[in-house]
Amino acid sequence: MKGKVAIFAGPMNDMEFREYPLPEVGADDILVKIHRANICGSDLHIWRGHGPGMPRKRPTVPGHEMVGEIFRLGKNVRSDCLGQPLEEGDRIAYSYFSACGVCPACLNGSPACPNRYRNWMQDANESPHFRGAYGEYYYLHKGQTVCKIPPELSDEIVAPVNCALCESIYGLDQIGIRLGDTLVVQGAGGLGLYATAVAKDMGAAQVIVFDKLPDRLELAKAFGADWVVNVDEVDEKGRREIVFDRTRGQGADVVGEFVGAPQAVEEGIRLLRQAGRYFWVGNITPGTGSNLDPGTVVRGSQTIRGIAVYEPWVLPRAIDFLVRRRNVYPFEKIISNTFPFEEINKAFHFANEGKAIRVSLKM
992 MKGKVAIFAG
1002 PMNDMEFREY
1012 PLPEVGADDI
1022 LVKIHRANIC
1032 GSDLHIWRGH
1042 GPGMPRKRPT
1052 VPGHEMVGEI
1062 FRLGKNVRSD
1072 CLGQPLEEGD
1082 RIAYSYFSAC
1092 GVCPACLNGS
1102 PACPNRYRNW
1112 MQDANESPHF
1122 RGAYGEYYYL
1132 HKGQTVCKIP
1142 PELSDEIVAP
1152 VNCALCESIY
1162 GLDQIGIRLG
1172 DTLVVQGAGG
1182 LGLYATAVAK
1192 DMGAAQVIVF
1202 DKLPDRLELA
1212 KAFGADWVVN
1222 VDEVDEKGRR
1232 EIVFDRTRGQ
1242 GADVVGEFVG
1252 APQAVEEGIR
1262 LLRQAGRYFW
1272 VGNITPGTGS
1282 NLDPGTVVRG
1292 SQTIRGIAVY
1302 EPWVLPRAID
1312 FLVRRRNVYP
1322 FEKIISNTFP
1332 FEEINKAFHF
1342 ANEGKAIRVS
1352 LKM
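All you need for our numbering is the position in the sequence shown, starting with 1, plus 991.
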């Protein structure tokens, strides 16, 4: 039996379809039949050929944001991360990375393991072949966090959970959203919309969302935004005045960058109050220049934090958040456009236009 994958064929090139035999499943591993896979902003960075995430070995299967069902279950795998029993046919959400457990980051309790992608986007010609989301199957290794999906959540709602939602939750947790805080969200894509809803759930008094697309800003209101600002209609000075007016002249407690633009970082720092906190999750390509003024950060006693990946506890909390708030926020609208897997190249060109929130591939 074989499965189809999409192979990265170089920057901005159309991906090529190939078939590989389904691998034997190790005793502690899982072979997943993918239902949906999304195009995340970092997938677009790779497709464009930007940064160190670009595949060094080809052929390779890109993609990481996905959901599917257990097709084959290793003989030693009995349950998910919460102890819920697993069997073939169960729908699961899972992390696309895993910590090595022996590096300095791991030994200090950080998820920023330099080896965390060792099983992702490797040479597809080598077994187990199915190492990325853009395929009919995905090989899940021991050490990757696995959560059984409750029946009340659709694939459409769960597909972004292992990246966009988990990253937003972890970023807000690490920067320390407190009861009554004001948060400015830079970018109303999937990450920013999730962050808006999660921040309100964590006790933020007001969330102010910046974006340039009116449709996104309207959706941000549905996700709990108290104020929305169109950056194409209000200049930076005006945006700063809005934030300071809404905070009694103090500035935001927290600003989060979710758009992947270095100029947003510079502006975001200037929106903070004294001793405010800034974090960014948007995938900014390493080596991109910035005019960030260190003196502003030092004199303001401000905290800056970068967020990549997350700790294992985040995934089950993310699933629980979706269950608890599914009748409050329109999670199904995070995926704005769906293409059949066979039209992956059309989907990437569409996503590259920057108008979609999340583009999804249905297998």
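Using N, Cα and C, we set each Cβ at its ideal position, and we do this for glycine too.
None of the values given here were measured: they were computed from a predicted structure.
- Count the CB pairs spanning the region 1052 to 1070 and the region 1008 to 1021 that are closer than 8 Å, and state whether there are at least three. The region 1052 to 1070 is in contact with the region 1008 to 1021.
Point to revise | Member of Asn1116, Arg1122, Tyr1185 and Ile1140 whose CA lies at the smallest distance from the CA of tyrosine 1108 | key: Position 117 of the sequence shown, counted from the start, is the residue given in the question as residue 1108. The candidate whose alpha carbon is nearest that of tyrosine 1108 is Arg1122.
inquiry  = Please report the distance separating the alpha-carbon of phenylalanine 1270 from that of isoleucine 1140.
reply    = What you label residue 1270 is simply residue 279 of the sequence shown in a count that begins at 1. What you label residue 1140 is simply residue 149 of the sequence shown in a count that begins at 1. For phenylalanine 1270 and isoleucine 1140, the distance between alpha carbons rounds to 30 Å.
Which residues share a DSSP beta bridge with aspartate 1114? The count along the sequence shown starts at 1 and reaches residue 1114 at position 123. DSSP lists Thr1051 as the beta-bridge partner residues of aspartate 1114.
Q) What are the boundary residues of the alpha helix (DSSP H) that includes isoleucine 1030? A) The residue you call residue 1030 lines up with position 39 of the sequence shown. Where isoleucine 1030 is concerned, there is no enclosing alpha helix (DSSP H), although the beta strand (DSSP E) around it starts and stops at 1021 to 1030.
Sequence-distant residues of the same chain with beta carbon closer than 7 Å to alanine 1338, five excluded per side
Locating residue 1338 in the sequence shown gives position 347, where the first residue counts as 1. When the five nearest sequence neighbours on each side are left out, the beta carbons in the same chain lying within less than 7 Å of the beta carbon of alanine 1338 are those of Ile1030, Phe1330, Val1350 and Leu1352, in order along the chain.
- DSSP state of tyrosine 1269, grouped into three classes? Counting from one through the sequence shown, the residue named residue 1269 turns up at place 278. DSSP, read as helix, strand or coil, puts tyrosine 1269 in strand.
TODO: Keeping to the same chain, check which residues put their C-beta closer than 8 Å to that of valine 1222; ignore five residues upstream and five downstream.
DONE: The residue you call residue 1222 lines up with position 231 of the sequence shown. Within the same chain, valine 1222 has close Cβ partners Phe1201, Asp1202, Lys1203 and Arg1230.
Could you have a look at glutamine 1241 and say whether DSSP puts it in helix, strand or coil?
For the purposes of this step, residue 1241 is taken as residue 250 along the sequence shown, with counting starting at 1. Three-state DSSP puts glutamine 1241 in coil, outside helix and strand.
Could you name the residues that DSSP lists as bridge partners for lysine 1324?
To locate residue 1324, count along the sequence shown from 1; it is residue 333. Bridge pairing for lysine 1324: absent [DSSP].
Cβ-based neighbour list, alanine 1196, same chain, cut-off 7 Å, excluding 5 preceding and 5 following = Taking the first residue of the sequence shown as 1, we reach residue 1196 at position 205. Around alanine 1196: Gly1171, Asp1172 and Thr1173.
- prompt: Should the region 1289 to 1298 be called in touch with the region 1250 to 1270, which here means at least 3 C-beta pairs below 8 Å?
  reply: Taking 8 Å as the limit for Cβ pairs, the verdict is that the region 1250 to 1270 does touch the region 1289 to 1298.
Spatial neighbours of valine 1149 in its chain, beta-carbon cut-off 6 Å, leaving aside the 5 residues before and after: In the sequence shown, residue 1149 corresponds to position 158, counting from 1. The beta carbon of valine 1149 sits closer than 6 Å to the beta carbons of Val1058, Ala1084 and Ile1140 from its chain, once the five residues preceding and following it are set aside; these are given in chain order.
*asked:* Please report the distance separating the alpha-carbon of glutamate 1323 from that of glutamine 1177.
replied: On the sequence shown, residue 1323 is found 332 positions in, with the first residue counted as 1. On the sequence shown, residue 1177 is found 186 positions in, with the first residue counted as 1. Answer to the nearest angstrom: the Cα atoms are 21 Å apart.
Assign alanine 1090 to buried or exposed, taking buried as 16 or more other Cβ atoms, counted over all protein chains shown, within 10 Å of its Cβ. Stepping through the sequence shown from its first residue, residue 1090 is reached at position 99. In summary, alanine 1090 is buried, with 16 or more beta-carbon neighbours lying within 10 Å of its beta-carbon over all protein chains present.
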